[in-house]
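Reading through the structure tokens given below for one structure.
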Amino acid sequence: MSTPSVAREVCDAFASEALPTGQPVTMQTYDDEGASATFEGRRWQEVSAHELALVTACLHFLSPPAVRAYLPAFLVAAPQAPRSGVADCTVAFVKPPKGNPLRVGYYAWWSLLSPRQHAAVIAFLRAMPESMPGENSEAIQSLEASANAAYRIRM
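Quick note: the sequence shown uses my numbering, first residue 1486, plus one each step.
What follows is the structure, encoded as structure tokens:
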């Protein structure tokens, strides 16, 4: 799938996403790496790729609802500069740890996504270049299995 196709899929899947009023942007931490200042009171479409490049580490500090609200900004920005810090951090973040999307921290945000949003994240991962052949294959397979299981449960 081409980069513009992935961006369209992400934009369509996450079009109406916003952090609900009263939800924290970040988890309790001593330093949120600029996440609150960058995201608070904004929709993901308002955050530029340049701003994301300054706060790539913050993905790990976002609360699960904030991941759902702001991950699409990273998913759209990363393919525009596939060898950038934004791309590297986003790919690393969306790949489940040890290939297991049921791990608590990962599942906390992954489970909040709709089937369409799961498909957009998987499409993003498929479109990103790999350092080594097949590097993302295991992650894609585990995410597809998890998304299919979640879809069956929701039905």
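Glycine is no exception: its CB is placed at the ideal position from the N, C-alpha and C atoms. If you're wondering where the values come from, they're calculated on a predicted model, not measured in any experiment.
Note on the region 1539-1587: whole alpha helix (DSSP H) runs with a minimum of 4 residues are 1549-1562 and 1570-1579, in chain order. Relative to glutamine 1530, the option among Ala1593, Val1495, Asp1517 and Gly1507 whose CA is nearest is Val1495. A contact is defined here as three or more CB-CB pairs under 8 Å, and the region 1598-1606 meets this definition with respect to the region 1496-1512. In this structure, the beta-carbon distance from valine 1579 to leucine 1610 falls below 7 Å. Contact between the region 1507-1518 and the region 1546-1565 is present, with at least three C-beta pairs closer than 8 Å.
A Cβ-Cβ separation of about 5 Å places valine 1491 in contact with alanine 1612 under the 8 Å criterion. Going by C-alpha positions, arginine 1588 is about 11 Å away from serine 1631.
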